[in-house]
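Colleague: In the working numbering, the protein residues as written are 13 to 250. All residues carry an ideal CB built from backbone N, CA and C; glycine is no exception.
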């Protein structure tokens with residue numbers, strides 16, 4: 013039986029990589045599928061990953077109807093066995109309903125991949141509908157990490173390193189760039205850098221991003237004298 017499967021997790025846990033892996037695995041098995049994406053980080057109709065993998069895909073616009081698109085392919089005599097839908101959180105509720113219909117009435121497997129909540133910890137409408145309709149939901153086992161080393165569970169939007177909690181739900185961006193020392197690269201010009209960062213719940217609540225932590229947490233040791241320390245000049249205890 014065909015299934016609607018929803019793979020989810022925060023940013024930086026390999027969702028787009030999984031989407032391409034799913035397509036690769038099913039292609040090797042002799043199946044023919046279609047790739048879809050929306051608002052990819054590249055700005056093009058492609059599924060791209062931070063590992064450098066990339067493959068063309070069909071852009072999911074507000075006007076796209078999955079049912080009509082697949083029916084047109086089948087009527088034209090082209091084989092379709094499955095759909096891989098990356099960035100599914102950006103799809104409309106009606107489009108998710110269409111994917112469920114494709115599974116039930118055409119018996120095609122649909123693999124939807126996306127994040128659950130936005131930078132305000134509010135569920136995307138597309139993700140919510142997937143949770144309501146999917147046959148199976150799987151949380152990716154590659155755990156993204158907060159800057160503190162704890163498991164990251166929340167997505168944060170940053171402007172020049174500072175976390176923001178207001179604005180449009182959909183703003184295309186990628187994770188912030190870092191210099192060789194691991195410090196967030198801020199905007200060198202008048203335009204601020206809008207990026208995303210994954211945080212643990214504790215630091216998301218405190219709005220403590222990596223850049224904020226670097227600016228506020230003193231990396232130097234506390235100014236307390238060690239009673240057992242040896243003076244390097246006299247080689248005696250002070």
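1. Could you compute how far the alpha carbon of residue 127 sits from the alpha carbon of residue 142?
2. Would the region 60-75 count as touching the region 30-40 if we require 3 or more Cβ pairs under 8 Å?
3. Would residue 42 pass as an interface residue toward chain D - the criterion being a Cβ-Cβ separation below 9 Å?
4. For residue 98, which residues in the same chain have their Cβ closer than 6 Å to its Cβ, ignoring the five residues on either side in sequence?
5. Report the option in 147, 135, 164 whose CA atom is closest to the CA atom of residue 101.
6. Bridge partners for residue 139 per DSSP, in chain order?
7. List the whole-angstrom C-beta distance separating residue 122 from residue 94, where the pair is believed to meet the contact cut-off of C-beta under 8 Å.
8. So, residue 221 versus residue 164, is the Cβ gap smaller than 9 Å?
9. Run through the DSSP bridge pairs and tell me what residue 167 is partnered with.
10. Return yes when the Cβ of residue 132 is within less than 9 Å of the Cβ of residue 85, no when it is not.
11. With H, G and I counted as helix, E and B as strand and the rest as coil, what does DSSP make of residue 113?
12. So what does DSSP say about residue 152, is it helix, strand or coil?
Modeller: Taking the geometry as given:
1. Cα to Cα, the separation comes out at about 11 Å.
2. Yes, they touch.
3. No chain D appears in the structure shown, which is made up of a single protein chain.
4. Once the five neighbours on either side are set aside, the close Cβ partners of residue 98 are 28, 31, 49, 59, 125.
5. Per the Cα distances, 135.
6. Residue 139 pairs with nothing; no bridge assigned.
7. Taking 8 Å as the upper bound for CB-CB distance, residue 122 and residue 94 are in contact here, some 7 Å apart.
8. Contact: no.
9. Paired residue(s): 210.
10. No; because the gap between Cβ atoms is not below 9 Å, this pair is not in contact.
11. It is helical.
12. Looking at residue 152 - three-state DSSP - the assignment turns out to be coil, as it is neither helix nor strand.
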